[in-house]
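Mapping to my numbering: the sequence shown position 286 is 377, numbers consecutive. The C-beta atom is built at its ideal place from N, Cα and C for all residues, glycine as well. Predicted model only: the values in this text are computed from it and were never measured.
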Amino acid sequence: MGEAVRARALELGFDRIAIGPAERPEHGAAFERWLDAGYAGEMGYLERTRADRLDPARLLPGCRSVVAAAVSYNHEASATGAEGPTVGRECAPTAKQKIARYARGRDYHDVLKPRLGALGEYIREAAGGDVTSRAAVDTSAVLERDLAARAGLGWIGKNTNLLTPSLGSYFFIGVVLTTAELTFDERQPDRCGTCTACLDACPTGAFVEPYILDARRCISYLTIEHRGDVPGELRAGIGEWLFGCDVCQDVCPWNRKAEPGHEPALEPSAALGPLEALLDLDDQAFRARFRGTALARTKRAGLLRNAALVLGNRGDRRAVGALTRALDDHDDVVRRAAAWALDRLAAP
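Written out as structure tokens, the structure reads:
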């Protein structure tokens, strides 16, 4: 039955598939130490769901197997295209600013969830009896990266991303937990070797050591999950990253030869438009503009804060007008980011 499940997964549009045991996560103890050290920052949901993440059976009682699936989002060769980053359908091309590759198209949850659900239904029907399945992306209380590595989908790299020889790390992970007993794949060895390119390249020094990331210093965390002011000592390190960061992936040798993505639903959309225009968006305009995209995750205040910081880092005084208007924004986080950017632009 395992081969039939693999074939069905490929039919559904997944690029890679692996099947493993529904065991307690191998790195569960490391995950707890990471939480206890405070490296999760403000992501309190990880602490609240700690116990659930340490046991897949809490998500699906009686589960025996995990089907881990990957879909590549490697649709571009660089952080920005010739016409700037891409997201949203109503924006004209403009100057470059950096958006993480995964966030340049549709919200990946809307792409993966239906397919994972269909795969789970296929397993239930093929296995018969009282078999049950449950699909999960990163919104469920499951350590999907750990389970995927155990299944043989790839290995966890020093940058804490899951890596495969063919896809690099530019792919989304989804899992299907099932009570069916399936044939398991072999695990993949860690192929990072002595390479430290990802650790050395991080602009904000977010890696405590290989395989351990302090999210509180990570540009992806700061521009997406963090809701308040970005710490002053880290603002310059953000550079021109408006949303997320791909530095530790872009420098990885495995990503230099990663296969391109083929999923049309994840193709980048139209160009974002000038950052100065983002600073003029009210709440309603923000929701309309970014609904159905990953950029909605950071909410209006977060994205405008990020835009102000990028404008300050860019050093282009043509942004002074937009930043000055942002000093009157109704959100104090946006106001403080704009003030910092103006001070930076005024510096000799």
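Asked	Found
Closest Cα partner of L145 within the set A161, L126, E316, I108	L126
L400 and A428 closer than 8 Å at C-beta	yes
Bridge-paired residues (DSSP) for V157	G111, L268
Touch test, the stretch 196-206 against the stretch 242-253, Cβ-Cβ under 8 Å, three pairs minimum	no
Stretch pair the stretch 362-369 + the stretch 308-317: three plus CB contacts closer than 8 Å	no
Reduced DSSP category for L386 - H, G, I as helix; E, B as strand; rest coil	helix
Residues of its chain near L234, where Cβ-Cβ distance is below 6 Å and the 5 sequence neighbours each way are ignored	P116, R144
Given F105 as reference, the closest of G248, L333, V96, E272 once Cα atoms are compared	V96
Within the stretch 324-353, ranges of the beta strand (DSSP E) (whole runs, at least 3 residues)	332-334
Own chain partners of R307 with C-beta closer than 6 Å, once the 5 adjacent residues on each side are dropped	G132
Sequence-distant residues of the same chain with beta carbon closer than 6 Å to G93, five excluded per side	I110, L273, T274
Straight-line Cα distance separating V299 from R396	26 Å
Exposure label - Y213; buried when at least 16 CB within 10 Å	buried
Option in D419, T295, G265, L258 with minimal Cα separation from A349	L258
Stretch pair the stretch 250-270 + the stretch 147-158: three plus CB contacts closer than 8 Å	yes
Y261 vs R192 beta-carbon contact at 8 Å	yes
Proximal residues to R435 (C-beta, below 6 Å), its chain only, five neighbours per side dropped	G403
Alpha-carbon spacing of T295 relative to V338, whole angstroms	11 Å
Own chain, CB closer than 6 Å to A160, minus 5 neighbours either side, in chain order	A100, F105, I108, G265
Pairwise C-alpha distance: I247 and P280	9 Å
Status (buried if at least 16 other CB within 10 Å, exposed otherwise) for D423	exposed
Beta-carbon separation (whole angstroms), G335 vs S311, contact threshold 8 Å	5 Å
Alpha-carbon spacing of D291 relative to E331, whole angstroms	19 Å
Residue from Y302, W345, T384 with nearest C-alpha to P359	T384
Local conformation of T255 per DSSP, three classes	strand
Among A217, R141, R426, L304, nearest to D320 - alpha-carbon criterion	R426
Closest Cα partner of G284 within the set A437, D276, D305, L254	L254
Close beta carbons around S169, own chain, < 6 Å, minus the five adjacent residues each side	Low local confidence applies: a pLDDT of 38 at S169 is under 50, so the model's placement there is unreliable, with the coordinate-based value given in what follows. Cβ within range, chain order: n/a, list empty.
Beta-carbon contacts of G519 that lie in its chain and below 7 Å, excluding the five residues immediately before and after	The first residue shown for the chain is 92 and the last is 439, placing residue 519 beyond what the model contains.
Residues bridged to E300 [DSSP beta-bridge criterion]	I303
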